[in-house]
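Chains as they are written, first to last, in the working numbering: chain C, 1 to 271; chain V, 1001 to 1248.
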C-alpha cells in the first residue's frame, strides 16, 4: 500500500492541472502508439508518390511517341493527392471513431470532462503530423517526377510561376482532408458512416455534379468541397474553377463548419 | 465526498435514474448496490460527466466534475465496459491519460507495479484477459492519486487472488481517508468490503445506511433481497420462492 499514499508521486509538486497543451501531449502519445497510424501514413506515401511517379513515367512515354500532353506535367506528379480521402481522410476518421468503437472515449472524456480540448488537440496534433508527412511526400514526388521529365521540354521547376504554390498548397489540401475526416468522425461516431460520408462528399459529389446540365453544373461544381480544395493544385488557370487560394480557403471553410458541428455534438451528446 | 441531489436521467420515455439523492463520505468504502438495470452505471456516468442529468446535479468534493482543475487527480474511475483501445499497450494507454494533467511517467510505472502488470505493460491491450483488463482499469483509476475513487463492478473477471487484492486495496484506500464508491451486484462481496451501502432499484433510492444496520437480523443478501423485491425486472420463480422462504 505504500505506493498509494496521497503525498507520493502525482501530487508531489502540486502542479498537476489540465491544460490544452497537456491534452495535446496526450493525443500525441495516442497518435503514435497505434500501429494503424504508421500503416495508414505509409499507405498515403506509397499511393501519393506511386501515382505521381507513374503518371510522369506515362507522360514521358507519350512525349517519346511525339504525342501532346493534355495536362501540365508538373501537376501530374501531384495527382496522387486526389486519392487523399482514401488514406489521410480515413486516418482522420479512425482517430475519432476508433475512440467510440473501442470505448476509449469514456476514459478520454473522464480524463478531460470539458471535452472540447480533446477535439482541438486531436485536430492540432494530426494537422502537425499530416502537414509534415504530406509536404515531404509531395515535394519528393514532384522532384522525382520532374527528374524523369528533365530531358524533355515538359519539365517544370519549383521556380516556375505557380509551381511552388501548387506543391505546397497540395500538401495543405491533403492535411485539411484529414482534419475533415476527424470532424466527420466526431460528428457521426461510427467508422462506416463517417468514411461513407467522406467518400460521398469528396469523391462522389463532383461526379454527380457532372451529370447535371452544363449550365447548372458550372454554377455548382467549383464550389463543391473537393473541387474547391483541389483548385490549389492548378499551375495554369483552369476555366470553371475557383482561383487557387480562393478555392483552398473555401475548403478550409467547409472543414471549419464540420469541426464546429463536431464540437457541438461532442458537447451536447452523452458519451 | 460525492453529493447527488435529485439526480434524474430519462432516455426517451424510460427513466433510468429517478430523483436520486445521496452522499458518499470519505474514509469508508461505500457499496452501490442494485439489481441489473437499477441505474448504477448511469449514475456513475453522470457523476463523471459522461451523461448529462435530465434534472438534478451531482458534485465531487464540492464541485461539478466537469469544473475540476485536474480531473484525474480528483476522481479515479473504473468504468464497467472496457474503455481502452485494444491496439495500444497498457503503458501507452496509461501515459496518454496521465499526460492530460501532467502526471509523471514515474507514477505511471508505479501504478503498473501496484496493479501487478509489469510483465504485460508493453503488450497490446487487445490480448488481455478480462482480469488483466480490470487491473489496467484500476491502475488508470489510481494514476492521479485521487481523493475519490469510483469503481464500477471492480471484481468482474478477477480470479480469487485478484478479488482479495481488490478487497485490501479498497479498504486500504478508504483507511487513508479517501472516498471509495464501489458498485456491484455481488452482495456477498460488498458484505465483506463495504461499511456503508446505497441501494437502488429502478433508478430510485431504496436504502442509504450502514452494512451493520442492515445485517442486524441476518445477512446482507437477505436484507438486499427483501428491499429490492419489487424492483427487480426479471427474476426466476425459484429465486423469488427462496427469497420468500428466507424472509419468513
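Using N, Cα and C, we set each Cβ at its ideal position, and we do this for glycine too. All of these numbers come straight from a predicted model, not from anything done at the bench.
For residue i and residue j, which I take to be in contact (beta-carbon distance under 8 angstroms), what is that distance rounded to the nearest angstrom?
i, j, result
"residue 1150 of chain V", "residue 1077 of chain V", "5 angstroms"
"residue 174 of chain C", "residue 81 of chain C", "5 angstroms"
"residue 119 of chain C", "residue 271 of chain C", "That pair is no contact at about 13 angstroms."
"residue 240 of chain C", "residue 149 of chain C", "No, residue 240 of chain C and residue 149 of chain C are not in contact; Cβ-Cβ is about 27 angstroms, not under 8 angstroms."
"residue 202 of chain C", "residue 117 of chain C", "Contact flag wrong, Cβ pair sits at about 28 angstroms."
"residue 1125 of chain V", "residue 1086 of chain V", "5 angstroms"
"residue 1026 of chain V", "residue 1229 of chain V", "No, residue 1026 of chain V and residue 1229 of chain V are not in contact; Cβ-Cβ is about 32 angstroms, not under 8 angstroms."
Going by the beta-carbon positions, is the gap between residue i and residue j smaller than 9 angstroms?
i, j, result
"residue 1066 of chain V", "residue 25 of chain C", "no"
"residue 1071 of chain V", "residue 1131 of chain V", "no"
"residue 1227 of chain V", "residue 1203 of chain V", "no"
"residue 1059 of chain V", "residue 1003 of chain V", "yes"
"residue 40 of chain C", "residue 88 of chain C", "yes"
"residue 1184 of chain V", "residue 1146 of chain V", "no"
"residue 1098 of chain V", "residue 1107 of chain V", "yes"
"residue 134 of chain C", "residue 92 of chain C", "no"
"residue 77 of chain C", "residue 142 of chain C", "yes"
"residue 1182 of chain V", "residue 1075 of chain V", "no"
"residue 1033 of chain V", "residue 1180 of chain V", "no"
"residue 101 of chain C", "residue 190 of chain C", "yes"
"residue 162 of chain C", "residue 244 of chain C", "yes"
Of all the CB atoms in chain V, is at least one closer than 9 angstroms to the CB of residue i?
i, result
"residue 122 of chain C", "no"
"residue 91 of chain C", "no"
"residue 276 of chain C", "Absent from the structure is residue 276 of chain C, since the part of chain C shown begins at 1 and ends at 271."
"residue 111 of chain C", "yes"
"residue 271 of chain C", "yes"
"residue 103 of chain C", "yes"
"residue 230 of chain C", "no"
"residue 196 of chain C", "no"
"residue 29 of chain C", "yes"
"residue 125 of chain C", "no"
"residue 17 of chain C", "yes"
"residue 6 of chain C", "With a pLDDT of 45 at residue 6 of chain C, under the threshold of 50, the modelled position of this residue cannot be trusted; read the value that follows with caution. With 9 angstroms as the cut-off, residue 6 of chain C counts as an interface residue toward chain V."
"residue 33 of chain C", "yes"
"residue 252 of chain C", "no"
"residue 264 of chain C", "no"
"residue 181 of chain C", "no"
"residue 38 of chain C", "no"
"residue 185 of chain C", "no"
"residue 256 of chain C", "no"
"residue 135 of chain C", "no"
"residue 23 of chain C", "yes"
"residue 106 of chain C", "yes"
Using 9 angstroms as the limit for Cβ to Cβ distance, is residue i near chain C?
i, result
"residue 1144 of chain V", "yes"
"residue 1023 of chain V", "no"
"residue 1102 of chain V", "yes"
"residue 1045 of chain V", "yes"
"residue 1049 of chain V", "yes"
"residue 1075 of chain V", "yes"
"residue 1095 of chain V", "yes"
"residue 1154 of chain V", "no"
"residue 1089 of chain V", "yes"
"residue 1082 of chain V", "yes"
"residue 1066 of chain V", "yes"
"residue 1079 of chain V", "yes"
"residue 1052 of chain V", "yes"
"residue 1241 of chain V", "For residue 1241 of chain V, the predicted structure reports a pLDDT of 46, less than 50, and the residue's modelled location is therefore unreliable. The matter cannot be settled from this model."
"residue 1018 of chain V", "no"
"residue 1244 of chain V", "Because residue 1244 of chain V sits at a pLDDT of 44, beneath the cut-off of 50, its placement in the model cannot be relied upon, and the point is left open."
"residue 1055 of chain V", "no"
"residue 1071 of chain V", "yes"
"residue 1026 of chain V", "no"
"residue 1174 of chain V", "no"
"residue 955 of chain V", "What the structure shows of chain V is the stretch from 1001 to 1248, and residue 955 of chain V is not part of that stretch, so it cannot be assessed."
"residue 1004 of chain V", "no"
I'd like to confirm something about residue i: is its beta-carbon nearer than 8 angstroms to some heavy atom of the ligand HEM, or not?
i, result
"residue 251 of chain C", "In the structure shown, the ligand HEM is absent, as is every other ligand, since no ligand is present at all."
| query | Is the segment 143 to 163 of chain C touching the segment 115 to 128 of chain C, taking contact as three or more C-beta pairs under 8 angstroms? | reply | The segment 143 to 163 of chain C, when compared against the segment 115 to 128 of chain C, does not touch it at the 8 angstroms Cβ threshold.
| Is there contact here, the segment 14 to 34 of chain C with the segment 103 to 117 of chain C, by at least three beta-carbon pairs under 8 angstroms? | Because the criterion of three Cβ pairs below 8 angstroms is met, the segment 14 to 34 of chain C and the segment 103 to 117 of chain C touch.
| request: Only counting runs of 4 or more residues, tell me where the alpha helix (DSSP H) segments fall wholly within the segment 78 to 158 of chain C, in order along the chain. | output: If we require 4 residues or more, the alpha helix (DSSP H) runs fully inside the segment 78 to 158 of chain C come out as 90 to 102, 104 to 111, 116 to 148.
| said: Contact between the segment 176 to 184 of chain C and the segment 92 to 108 of chain C is defined here as three or more beta-carbon pairs at a separation below 8 angstroms; is this criterion met? | reply: Segment contact: the segment 176 to 184 of chain C against the segment 92 to 108 of chain C, three or more CB-CB distances shorter than 8 angstroms; contact assigned.
| Whole runs of the alpha helix (DSSP H) within the segment 1118 to 1199 of chain V, excluding any shorter than 4 residues | For the segment 1118 to 1199 of chain V, the full-length alpha helix (DSSP H) segments reaching 4 residues or more read 1130 to 1142, 1160 to 1175, 1187 to 1193 along the chain.
| said: Assess contact between the segment 140 to 157 of chain C and the segment 67 to 79 of chain C, defined as three or more Cβ pairs (one per stretch) separated by less than 8 angstroms. Is contact present? | reply: Touching, yes, given that three or more Cβ pairs across the two stretches are closer than 8 angstroms.
| query | With contact counted as at least three CB pairs below 8 angstroms, one residue from each stretch, are the segment 1040 to 1050 of chain V and the segment 1002 to 1021 of chain V in contact? | reply | By the Cβ test, the segment 1040 to 1050 of chain V is in contact with the segment 1002 to 1021 of chain V, since at least three Cβ pairs between them sit closer than 8 angstroms.
| said: Under 8 angstroms: do the segment 133 to 147 of chain C and the segment 34 to 53 of chain C share three or more Cβ pairs, one atom per stretch? | reply: The segment 133 to 147 of chain C is in contact with the segment 34 to 53 of chain C.
| said: If contact is defined by three or more beta carbon pairs under 8 angstroms, each pair taking one atom from either stretch, is the segment 1208 to 1225 of chain V in contact with the segment 1176 to 1191 of chain V? | reply: Taking 8 angstroms as the limit for Cβ pairs, the verdict is that the segment 1208 to 1225 of chain V does touch the segment 1176 to 1191 of chain V.
| field | Touching by the beta-carbon criterion (3+ pairs, under 8 angstroms), the segment 245 to 254 of chain C and the segment 220 to 237 of chain C | value | Yes, since at least three Cβ pairs between the segment 245 to 254 of chain C and the segment 220 to 237 of chain C fall closer than 8 angstroms, the two stretches touch.
| query | At which residue ranges does the segment 166 to 213 of chain C contain complete alpha helix (DSSP H) runs of 4 or more residues, listed in the order of the chain? | reply | You should have 191 to 199, 205 to 210.
| request: At 3 residues or longer, and completely inside the segment 1057 to 1128 of chain V: list those beta strand (DSSP E) runs for me, N to C. | output: If only complete runs of 3 or more residues are kept, the segment 1057 to 1128 of chain V shows the beta strand (DSSP E) at 1075 to 1078, in order along the chain.
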